[in-house]
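Report on the following structure.
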Amino acid sequence: MSLRDVEVRARKTEAIIALAIILATSPIIIGFSLIILSSFSKSMVTNFDPSSFYPTLENWINLFQGRSAAVGGLREDILKYTLNTAVVALGVSLVVTLVGTMSGYAISRMNFRYRKHFLLLILLLHAFPGSVLIVGVYFIYRLMSPIAMGSITTFSFFYVIIARASLEIPMAIWLMKGFFDLIPWEVEWAALIDGASRLTIWRKVMLPLVKPGIAAILLFGFLAGWQDLIYVRTFLAEKTLATFIEYNLGTLEFAEMPLVAAAATLYLLPTIIFFITSQHLLLRVSLAGLKR
Amino acid sequence: MEYKLKDFLRNKKYESLIFILPALILIIIFYILPVALSVYISFTPLKNWNLDRYLGTIVGFRNYERFFHMLQYDPIIRNVFLTTIVFIGITLVINVLGGLLLALATYFVSEKFSSVFRTLWLLPRMAPIAVYSLVWYYFFHGSNIGTLNSFLMYLGLIKEPISWGYDIIPWGPWSIIIFVNGLVGVSFGMIIFTSAISNIPKELVIAARVDGASNWQISTKIFIPLMKWHILYVITWQLLSLLTTYAHIFLLVQWGLVSKQYGTTWSLYIYQVAFTGRTDQGLAAAAGVILVIVGGILGYITLRILGFERMITKPRGDI
Amino acid sequence: MVSIKLDRVTKRFGKVIAVDNVSLEIADKEFMALLGPSGSGKSTILYLIAGIYKPTSGRIFFGDKDVTELPPKERNVGLVFQNWALYPHMKVYDNIAFPLRLKKVPEDYIRKKVVEVTKMLHIDHLLDRYPYQLSGGQQQRVAIARALVKEPLVLLLDEPLSNLDALLRIYVRAELKKLQKKLGITTIYVTHDQAEALAMADRIAVINEGKILQVGDPETVYNRPSCKFVGGFLGNPPMNFIEADLEYSDGNAYMIIGENKINVPRQYTEIVNKLRLDKIIMGFRPEDTVLMRRESAVKGRICLYGEVYAVEPLGREYIVTISINAKLLKAIVPRDQVFISGEKIVVCPLEEKIVLFDVRTERAIELLI
């Protein structure tokens, strides 16, 4: 909200503030734009030198054809990496949503014996980011890998998804709790009097009424999985766009850099799309944890 | 009467258990167990993830002793510790102040303009980490391909490109990692504060305007006093977050943009020691356990300060 | 259809006692109103009967069956909430069908029942709409239909008319009463509106601060309130109360109010003489009061001298506020009697309608015997 309709002062101050905001935001705008631009150029344009901008689609062609290493002609399947990234993202999204909606409902509406303790645990974990526990998480990975029974790749996907999803669980539970809290008690009591079990109420009455929350969590979970670097590089037996970029920055010749820029632009695409289409949802999700 | 699974599921006592079971399982496996295992590993000489060889051996507090010894005498580790403190301290201030300033500034300009720019500020947080790192890799690159270098050379402020991450010790790498993480952190405060401001009744601001208050006066005399809880919330949350975050600076060190000593924080150090280079998991675990303890205490203090009790309201009904 | 009994039921929420040792019996097919101000505990009693709350102590019976431990699902009650609590994401048809679908009965049976109950409530043409597309009155009927469709033993209504506009309220009142008689279903109706309770109920239970003060049919509760609160809660404008000292001389008892000295009403002389109280509260209703000019004869009546404070014309009648002994009382007079503010007049309550209350306990003094 802003004060436009009650503006009693000169427009001049507003213009100055706007300019300051633009100035502050400029590194972000410039930084990202240059990378995107570089993907369409023969060489990186990150140095404001107009002469280095030689428009071409070469990088993109090379990218999709898998020619990323100048030496050795190793083929890299960018579509596969994109798919891998998507699989991880989707998996995280689904796990986070499922667990969040179940636990969020229970905390919001059910008075069970250790509710307060569970809530305290969730809040504590919410406050304490779990990424520093990765040594232990990897240890468990090693301990569990015999279960894989030969298919280490599938197991690694499975593990990355639930491990990464677990990082977001406390926040997801808290978010969904907030949404469930908003539903009037009477609607649920009416269903109980009508004879429904808790599970039926959850499925048929509560979930349809928290659709915005579910959409928010699905989106948020997807983005969390999509953007991840540390977990996929530590656990996943295959490459995602993140690890592709990490490895190729070091190994490529200088002249091939724009190809990495193309990969980065591709990687950035879903984020941009979600940004434009679901602004309000992102804002809502980011408010999770705030209870006042 | 046969007791079927269906009856078990319908039993009121276990209803709630079913709903929280998935979360409980995940929490045990990925939070509680790792802490326990990390503690155990910290008492072993585990290296290179050679479980068979080292896991059965207990070497007592040797890893902890090594860590504290290195803290005192090894300049590299000392610098990591120093970097951590400087990083957290300065980034915290930037995050809170930046978020506050942005929230206040966007309040006083048109809504359309504000929402566009608030969205832009979400980009660092939402963008893929690898892409984000790539952006700043080129921005701060030490050669003349670096955006900052070419900008300053164009303005005539410097004659040759500067390797920010290596030549200007320690503030070069420090500034870079603070800047990179700062941009991510600012969006958190910005969102919280924007929401808080929007909950302040418009009438207060109108009344102040009619009395002739300027933007600055409205901000300092009305908004900030009413946002005390939110400011506290952002400070405590960000503090914990900064203590444990490392993903956004990992690649900057890995790619050699910044010097290792002055670009690594404690949490990143743990990851490095465990998974790259020397892969000494025993040592990493010890450093990790200490960090977890510090983080756990801070987390608990955070919740007490913020009034945990108030966040919980009991459900209604006895069913 | 069943009778309901609450046996010394108490409900505590932490330190707060919402329902205090309540014992109540509702007969089969009876329409019982729970009447009381906001926060008196009447809704809590309703939810205790429904099974949403469990009593802290005491038991609840449906007929001979002790239902205290049973969850709502197994009590077979229908509850209409104050804000109707319809499922916003379901159509009217699905809202009403929901309880039956849970019982897993065949779909054509469900359809038959839904059509039946919606026809009875005149909403059978709205089955395809969503709650937000309906008016308040229509939503309320859907809520009632949903409660009735499973043919419950008991119908519970929590201030169902309070969200309707005034004219609609009066219309629906009559409809609900008719419906209840037709179905013959035991009904408990929670309200804070005394006119509603008087108009619709077979019996009224007056509640305040978690306690039941009086249970009786409308006539008894209205004309023979058991305590000052009941007397003051029923009736609009409410009952007048004025304190009087009691004087006993030459074998008679007299009430002293300021400069007035009046006889104790005939129906009370024996009790008053027996109890020998010092003070008393006299209660009488505005509509049972006659106003006369001082010049007129007051023979044979119990009258007080006072001054007109204000006059409110209501079209059909006037409400005259009179000041007696620094207290303000009201009287209702027919529209051909015109009084003006400041006028000195005589206030004569009908002797047989006067109710006397004990000052200390505020109970009707006949209960002190």
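Protein chains in written order, with the working numbering: chain A, 1 to 292; chain B, 1001 to 1319; chain C, 2001 to 2369.
Glycine included, each C-beta is placed from N, C-alpha and C at the ideal position.
DSSP beta-bridge partners for residue i?
i: Ser89(A); result: The question names Ser, but residue 89(A) in the sequence shown is Ala. DSSP, once it has assigned bridges, lists no residue as partnering Ala89(A).
i: Arg2059(C); result: Asp2007(C)
i: Gln2214(C); result: Val2206(C)
i: Pro2349(C); result: Thr2289(C)
i: Ser2323(C); result: Glu2307(C), Leu2328(C)
i: Ala2033(C); result: Tyr2189(C), Ile2204(C)
i: Phe2241(C); result: Gly2283(C)
i: Ala2364(C); result: Phe2357(C)
i: Tyr2318(C); result: Pro2313(C), Val2333(C)
i: Lys2344(C); result: Glu2307(C)
i: Asp2158(C); result: Val2190(C)
i: Leu1123(B); result: Beta-bridge pairing links Leu1123(B) to no other residue.
i: Ser2249(C); result: Asn2252(C)
i: Pro55(A); result: Ser41(A)
Which chain B residues are close to residue i, counting only those with a beta carbon under 9 Å from its beta carbon?
i: Ile2052(C); result: Arg1316, Gly1317, Asp1318, Ile1319
i: Gln65(A); result: By Cβ distance, chain B contributes nothing, its closest Cβ being about 21 Å from Gln65(A), past 9 Å.
Determine the closest residue to residue i out of the options, with distance taken between C-alpha atoms.
i: Glu2069(C); options: Ala2195(C), Ile2052(C), Val2320(C), Pro2152(C); result: Ile2052(C)
i: Ser131(A); options: Arg1316(B), Gly1295(B), Arg1304(B), Asp1318(B); result: Gly1295(B)
i: Leu1226(B); options: Ser1214(B), Ile1206(B), Asn1181(B), Pro1201(B); result: Pro1201(B)
i: Gly195(A); options: Ser2003(C), Thr2056(C), Leu2155(C), Glu2074(C); result: Glu2074(C)
i: Arg1125(B); options: Ser1259(B), Ile1025(B), Val1180(B), Ser1115(B); result: Val1180(B)
i: Ala2147(C); options: Met2292(C), Asp2217(C), Ile2096(C), Leu2168(C); result: Ile2096(C)
i: Ser1195(B); options: Ile1077(B), Gly1256(B), Thr1106(B); result: Thr1106(B)
i: Leu218(A); options: Phe180(A), Ala172(A), Arg109(A); result: Ala172(A)
i: Tyr1262(B); options: Ile1319(B), Thr1220(B), Ile1176(B), Ile1041(B); result: Ile1176(B)
i: Leu241(A); options: Ala1023(B), Ala1130(B), Pro1022(B); result: Ala1130(B)
i: Trp1237(B); options: Arg75(A), Ala127(A), Ile21(A); result: Ala127(A)
i: Gly1277(B); options: Thr1057(B), Ala1036(B), Val1035(B), Lys1047(B); result: Lys1047(B)
i: Gly1146(B); options: Ile17(A), Ala215(A), Ser38(A); result: Ser38(A)
i: Leu2102(C); options: Phe275(A), Pro270(A), Tyr138(A), Ile193(A); result: Ile193(A)
i: Gln227(A); options: Leu1232(B), Leu1204(B), Ala1127(B), Lys1159(B); result: Ala1127(B)
i: Tyr1138(B); options: Lys177(A), Pro170(A), Met110(A), Gly31(A); result: Gly31(A)
i: Val2347(C); options: Glu2366(C), Ala2364(C), Val2308(C), Glu2317(C); result: Val2308(C)
List the residues of chain B whose Cβ lies closer than 8 Å to the Cβ of residue i, in chain order.
i: Tyr105(A); result: Phe1019
Taking C-beta pairs closer than 8 Å, name the residues in chain D that residue i reaches, listed in chain order.
i: Tyr267(A); result: Of the protein chains in the structure, A, B and C, none is chain D.
Starting from residue i, find everything on chain A with Cβ-Cβ shorter than 7 Å and list it in chain order.
i: Ile1041(B); result: Val135, Phe139
i: Pro2099(C); result: Asp194, Gly195
i: Phe1117(B); result: Ile21, Thr25
i: Tyr1154(B); result: Phe48
In chain C, which residues lie with their C-beta within 7 Å of the C-beta of residue i?
i: Val205(A); result: Tyr2087
Mind pulling the chain C residues with CB within less than 9 Å of residue i?
i: Leu209(A); result: Tyr2087, Pro2088, His2089
Show which residues of chain A have a CB atom less than 8 Å away from the CB atom of residue i.
i: Trp1136(B); result: Gly31
i: Asn2083(C); result: Pro184, Glu186
Could you name the residues of chain B that residue i contacts, counting a contact when the two beta carbons are closer than 7 Å?
i: Gly130(A); result: Phe1030, Tyr1031
What does residue i touch in chain C if you count any residue whose Cβ is under 8 Å from its own?
i: Ser200(A); result: Note that residue 200(A) corresponds to Thr in the displayed sequence, not to Ser. In chain order: Leu2102.
Using a Cβ cut-off of 9 Å, pull out every chain A residue sitting near residue i, in sequence order please.
i: Ile1270(B); result: Val132, Ile134, Val135
**Study point:** Cβ-based contacts, 9 Å cut-off: residues of the region 179 to 195 of chain A near chain C
**Key:** Pro184, Trp185, Glu186, Val187, Glu188, Trp189, Ala190, Ala191, Leu192, Ile193, Asp194, Gly195
Point to revise | Interface residues of the region 2050 to 2080 of chain C facing chain B [CB-CB below 8 Å] | key: Gly2051, Ile2052, Tyr2053, Lys2054, Pro2071, Pro2072
Review point. Are three or more beta carbon pairs between the region 1092 to 1105 of chain B and the region 1181 to 1192 of chain B nearer than 8 Å?
Key: yes
**Study point:** Members of the region 38 to 58 of chain A that neighbour chain B once the beta carbon cut-off is set at 7 Å
**Key:** Met44, Thr46, Asn47, Phe48, Asp49
Point to revise | Touching by the beta-carbon criterion (3+ pairs, under 8 Å), the region 205 to 220 of chain A and the region 1084 to 1097 of chain B | key: no
**Study point:** Proximal residues, the region 2009 to 2042 of chain C versus chain A, C-beta separation under 8 Å
**Key:** Shown here is that no member of the region 2009 to 2042 of chain C has a Cβ falling below 8 Å from a Cβ of chain A.
Review point. Quick check: the region 2053 to 2066 of chain C against the region 2216 to 2236 of chain C, are there 3 or more CB pairs under 8 Å?
Key: No: fewer than three Cβ pairs fall under 8 Å.
**Study point:** Interfacial residues, the region 1219 to 1244 of chain B to chain A, with Cβ spacing under 9 Å
**Key:** Trp1229, His1230, Tyr1233, Thr1236, Trp1237, Leu1240, Ser1241, Leu1243, Thr1244
Review point. Taking three-plus beta-carbon pairs below 8 Å as touching, is the region 2277 to 2292 of chain C in contact with the region 2345 to 2362 of chain C?
Key: yes
Review point. Going along the chain, which residues of the region 2218 to 2243 of chain C sit with their C-beta nearer than 7 Å to a C-beta in chain A?
Key: Of all residues in the region 2218 to 2243 of chain C, none has a Cβ within less than 7 Å of some Cβ in chain A.
Review point. Is the region 1247 to 1261 of chain B touching the region 1161 to 1176 of chain B in the sense that three or more CB pairs, one from each, lie closer than 8 Å?
Key: yes
Review point. Which residues, taken in chain order from the region 1198 to 1211 of chain B, show a beta carbon closer than 7 Å to some beta carbon of chain A?
Key: Ser1198, Val1205, Ile1206, Arg1209
Point to revise | Sufficient close CB pairs (3 or more, under 8 Å) joining the region 2182 to 2191 of chain C to the region 2026 to 2044 of chain C | key: Output reads yes: the region 2026 to 2044 of chain C touches the region 2182 to 2191 of chain C.
Check your understanding: Does the region 30 to 49 of chain A come close enough to the region 256 to 275 of chain A that 3 or more CB-CB pairs lie under 8 Å?
Key -> yes
Practice item. Determine, using beta-carbon pairs with one atom in the region 2203 to 2214 of chain C and one in the region 2157 to 2175 of chain C, whether at least three such pairs fall under 8 Å. Key: no
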